[in-house]
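Protein chains in written order, with the working numbering: chain A, 152 to 621; chain B, 2 to 256. Idealized CB from N, CA, C, for every residue including glycine.
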Amino acid sequence: MKYKYLFVLAAACLFATQAQAATLSPGDLIKASGPAVYYYSQEGKRLVFPNENTYKTWYTDFSTVKTITDAELAAITMGGNVTYKPGVRLVKIVSDSKVYAIAAGGVLRHVATEEIARNLYGADWNTKVDDIPVGFFSNYSIGSSILNSTDYSPSASTAQAVSIDTDRAAKTTPPVCTTCGSEPVTPTTTQETIQIALSASQNTIKINDVITFTASAQYSASIKEIRIYFDNNLVTACQNANVCSGDFAMPSVLDKETYQVKTEVTALDTTKETKTLDLARASTTEPDSEVTISVDREVIEPGQTTGITVQADETVDVKEIIIYVDDVAKKGCNYLGRSCKWSQIFDGPLGTEFNTYGLVTSVSGVTYRTQTKTITLAANSIPYVTIETGKTYILKGESMEAVVSASDEDGIQSIEILDSQKNVLKTCSGAAPCTLSTGPWVTEGMVTLWGRATDVPGSSNEQSIQFEVR
Amino acid sequence: MATGALVASTLMPATASAAVTRSFNPGSLIKGSGPTVYYYAEDGKRYVFPNEKTYFTWYENFDTVIQIPDNMLSTLPLGKNVTYRPGKKMVKITTDPRVYVVDRGGMLRHVDSEEIAKTLYNINWANQIDDVPDSFFTNYKVGNKVESASEYRPADVMAGTTTISQDKGFDDTMAAISIGNTMTGFVPNSMTIKKGTTVTWTNQDSASHSVIGTGFQSDALGYNKSYNFKFNTVGSFEYKDGINPSITATIHVVQ
Numbered sequence: 152m153k154y155k156y157l158f159v160l161a162a163a164c165l166f167a168t169q170a171q172a173a174t175l176s177p178g179d180l181i182k183a184s185g186p187a188v189y190y191y192s193q194e195g196k197r198l199v200f201p202n203e204n205t206y207k208t209w210y211t212d213f214s215t216v217k218t219i220t221d222a223e224l225a226a227i228t229m230g231g232n233v234t235y236k237p238g239v240r241l242v243k244i245v246s247d248s249k250v251y252a253i254a255a256g257g258v259l260r261h262v263a264t265e266e267i268a269r270n271l272y273g274a275d276w277n278t279k280v281d282d283i284p285v286g287f288f289s290n291y292s293i294g295s296s297i298l299n300s301t302d303y304s305p306s307a308s309t310a311q312a313v314s315i316d317t318d319r320a321a322k323t324t325p326p327v328c329t330t331c332g333s334e335p336v337t338p339t340t341t342q343e344t345i346q347i348a349l350s351a352s353q354n355t356i357k358i359n360d361v362i363t364f365t366a367s368a369q370y371s372a373s374i375k376e377i378r379i380y381f382d383n384n385l386v387t388a389c390q391n392a393n394v395c396s397g398d399f400a401m402p403s404v405l406d407k408e409t410y411q412v413k414t415e416v417t418a419l420d421t422t423k424e425t426k427t428l429d430l431a432r433a434s435t436t437e438p439d440s441e442v443t444i445s446v447d448r449e450v451i452e453p454g455q456t457t458g459i460t461v462q463a464d465e466t467v468d469v470k471e472i473i474i475y476v477d478d479v480a481k482k483g484c485n486y487l488g489r490s491c492k493w494s495q496i497f498d499g500p501l502g503t504e505f506n507t508y509g510l511v512t513s514v515s516g517v518t519y520r521t522q523t524k525t526i527t528l529a530a531n532s533i534p535y536v537t538i539e540t541g542k543t544y545i546l547k548g549e550s551m552e553a554v555v556s557a558s559d560e561d562g563i564q565s566i567e568i569l570d571s572q573k574n575v576l577k578t579c580s581g582a583a584p585c586t587l588s589t590g591p592w593v594t595e596g597m598v599t600l601w602g603r604a605t606d607v608p609g610s611s612n613e614q615s616i617q618f619e620v621r
Numbered sequence: 002m003a004t005g006a007l008v009a010s011t012l013m014p015a016t017a018s019a020a021v022t023r024s025f026n027p028g029s030l031i032k033g034s035g036p037t038v039y040y041y042a043e044d045g046k047r048y049v050f051p052n053e054k055t056y057f058t059w060y061e062n063f064d065t066v067i068q069i070p071d072n073m074l075s076t077l078p079l080g081k082n083v084t085y086r087p088g089k090k091m092v093k094i095t096t097d098p099r100v101y102v103v104d105r106g107g108m109l110r111h112v113d114s115e116e117i118a119k120t121l122y123n124i125n126w127a128n129q130i131d132d133v134p135d136s137f138f139t140n141y142k143v144g145n146k147v148e149s150a151s152e153y154r155p156a157d158v159m160a161g162t163t164t165i166s167q168d169k170g171f172d173d174t175m176a177a178i179s180i181g182n183t184m185t186g187f188v189p190n191s192m193t194i195k196k197g198t199t200v201t202w203t204n205q206d207s208a209s210h211s212v213i214g215t216g217f218q219s220d221a222l223g224y225n226k227s228y229n230f231k232f233n234t235v236g237s238f239e240y241k242d243g244i245n246p247s248i249t250a251t252i253h254v255v256q
């Protein structure tokens, strides 16, 4: 049969809407002579089920589908695609391993770990994952990740989605076409907003920092102007460009916790949109006791190497440890236990100081900061010292052996073992490890021992160790 | 089966390309080991061709498709769907007799009469209409009607939008790089841009990464955090991840 294309006129539109108004109510499932089933929405539009999987999250069968004529169906404007009912299934896309749960309004939330997936969807969670064809991925938006099981409830999400209409209302509400008057059912230009990305070259600010701000805008009409403000001061204004970038020097006094960056974008069709970004003042807060930093040798000669170790205690569920030297991230350790080590050569004139600290991020998103240690370049480095005891605890009445080892480019003159009050317990001359059997220890509690080494030119360094008497 | 509409979401290149590369540029057509082809745009996202008809409004064949490693492909965030090249064809949906021409940015404009359709696409205008599956209709916006033939000249409209980037509103003053895990590194690993382009790096990995090169250096970037730098001089710039220094990449800046 040769298809005859028609051009719908206003009269046809009016006629059709009157006809369907009598029989249809919002929430109905409708179809015409073809196989496709649509959801008739509150706005009087038909919503498309992009595939059968999507339909099945909302309905178990097709028994409630009403059949209308092709002309009636054609008169109903298309209103977009239906997304998965929240909480029913998990989804992913073919080309990506990330698994997402569905929140209200077609928002995808990445399920961060397998354990969370199991807690939420049971041991057979992996049988509840559907692949979304990539062509339909743009019907969804990405929300925040689910970092723990209390962050999302499948049953509550499902219960909240009473109907496809209420679920869609959770998105930004689209404009409603209430009039089907002299014009055919063609909505005028959709209420599209300008998409803006705003970024800064640093996430935190310190006095006198120079920070680059960049704003980019996406919109169907051309962009007329982009303005960027820092704390209400104009940074830059760019005309007729989609991307705008400008440098701004931070003030010499930072008296606020956070500072706002704002961008204002104006399109040729006079649509305006703004976006803001908060930058925090770099923290000068006290270090956290859960994390510690140690430096093998805090005084070294130019061109020598020293190691930096950052450790977290058992109370921290470590996700990542990052070691910084002079505010530059030097080494990151992910999921590799509670400690992270970094060694490098430090070079520069005598007297140069390098500041080092560690940031530890927990799985639950808390950031801990160690104290800051200083590495100084000097004419004579201090020796590298280690003190070891075989065990972390002994029982009352037992003895403990301590071994202090040391090394230095200039040679070791002497090694000493000291008690917690720094009284010398034993002195060994030369570079050979110094061993001392201490005890028997009769009082319960923590005991501290120190090891000290002095090099031939006379610089010394100390390290301590703790063990418990039970 | 009474549900939904036609699902056509993959594109099958005629021949499988042999070499796998880690180097590509904004505007490249890319694929992994699977058949789906994507358009890599200036915002660092991969744009989906919802069906073959859409692809062939922009390209005549699959000769320029580049294969990249699967883990690199999955690191790139998905963009929206590619829409028909403006001016190339008219479109409609099966369940609605209205015929539309396509304007820049996936804007559909209803053709008001058969006379106008005939003027725009000549006597065989009816052969110049493609059916868009219902489920992809949402990728388009509906704009003003075409009320006279002088409002829309298919040849001019086509000449005005030669690339998908133009259609989406991007220009070559920006480019973007995704940072994946330690296996993937920077995606793309090597990219050529024009002088004056602002490059934005975004960390798509759950672990932190940073960007360190000669003259530019980021903080440690957590998940979804970005850093950008404008390249104002011509040359090849090697850079690395300061947190995992074995991860390196290159940006070539040309006039």
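Query                                                                                                                : Result
Contact list for Asp247 of chain A against chain B, beta-carbon separation under 7 Å                                 : Ser75
Val255 of chain B (DSSP reduced to helix, strand or coil)                                                            : strand
Through-space distance from Gln353 of chain A to Asp429 of chain A, alpha-carbon basis                               : 11 Å
Cutoff 8 Å; reference Asp104 of chain B; Cβ partners in own chain excluding five residues on either side             : Pro87, Arg110, Gly144, Tyr153 and Val158
Classification of Thr365 of chain A by the beta-carbon crowding that lies within 10 angstroms, buried from 16 upward : buried
Partners in chain A for Leu79 of chain B, counting only beta-carbon separations shorter than 9 Å                     : Ile244, Ser246, Asp247, Val285, Phe288 and Ser289
Interface partners of Thr365 of chain A on chain B, CB under 8 Å                                                     : Thr199, Thr201 and Asn229
Nearest-angstrom Cβ-Cβ length linking Pro453 of chain A and Leu528 of chain A, presumed shorter than 8 Å             : 5 Å
Nearest-angstrom beta carbon gap, Gly170 of chain B and Tyr370 of chain A [assumed within contact, 8 Å]              : 7 Å
In DSSP terms, what Thr218 of chain A is bridged to                                                                  : A:Lys182
Cβ pair Thr460 of chain A, Lys492 of chain A closer than 8 Å                                                         : yes
Cys371 of chain A at chain B interface by Cβ criterion, 8 Å                                                          : The displayed chain sequence assigns Ser, not Cys, to residue 371 of chain A. Chain B, which has a Cβ nearer than 8 Å to the Cβ of Ser371 of chain A, makes this yes.
Assigned exposure category for Phe50 of chain B - 16 Cβ within 10 Å defines buried                                   : buried
Cutoff 8 Å: Asn26 of chain B Cβ touching any chain A Cβ                                                              : no
Cβ-Cβ separation, Lys243 of chain A to Val280 of chain A (assumed contact under 8 Å), whole Å                        : 6 Å
Rounded Cβ spacing between Thr523 of chain A and Thr512 of chain A (contact assumed at less than 8 Å)                : Not a contact, Cβ separation roughly 18 Å.
Span separating the alpha-carbon of Thr457 of chain A from that of Thr201 of chain B                                 : 34 Å
Same chain, Cβ closer than 6 Å to Gln495 of chain A, neighbours up to 5 away in sequence not counted                 : none
Chain-ordered residues of the stretch 39-60 of chain B with a beta carbon less than 7 Å from chain A                 : Val49 and Pro51
Paired residues, beta bridge with Gly509 of chain A - DSSP                                                           : A:Ile474
Closer than 8 Å at the beta carbon, the chain B residues around Ser350 of chain A                                    : Thr201, Ser227, Tyr228 and Asn229
Residues that Glu61 of chain B bridges to, as DSSP identifies them                                                   : Its beta-bridge partners do not exist; DSSP assigns none.
Close Cβ partners of Ala177 of chain B (< 6 Å) along its chain, the five nearest in sequence each way excluded       : Asp44, Gly45 and Thr201
Close beta carbons around Ser515 of chain A, own chain, < 8 Å, minus the five adjacent residues each side            : Leu298, Asn299 and Asp468
Per DSSP, the bridge partner or partners of Gly126 of chain B                                                        : Note on identity: in this sequence residue 126 of chain B is Trp, with Gly being the wrong assignment. Trp126 of chain B pairs with nothing; no bridge assigned.
Within 8 Å, strictly: CB atoms of Thr443 of chain A and Thr521 of chain A                                            : yes
Any 3 or more C-beta pairs closer than 8 Å across the stretch 607-620 of chain A and the stretch 590-597 of chain A  : yes
Residue-level contact to chain B via CB, Leu405 of chain A, 8 Å cutoff                                               : no
Cβ of Pro98 of chain B within 8 Å of any chain A Cβ                                                                  : yes
Any C-beta of chain A under 8 Å from that of Asp131 of chain B                                                       : no
Where Trp592 of chain A sits in the DSSP three-state scheme                                                          : coil
Asn82 of chain B vs Met192 of chain B beta-carbon contact at 8 Å                                                     : no
Three-state secondary structure (DSSP) of Gln369 of chain A                                                          : strand
Closer than 8 Å to chain A by CB, Thr162 of chain B                                                                  : no
Below-8 Å beta-carbon distance, Ile473 of chain A vs any chain B residue                                             : yes
Reference Arg240 of chain A; option with closest CA among A:Gly273, A:Thr414 and A:Thr537                            : A:Gly273
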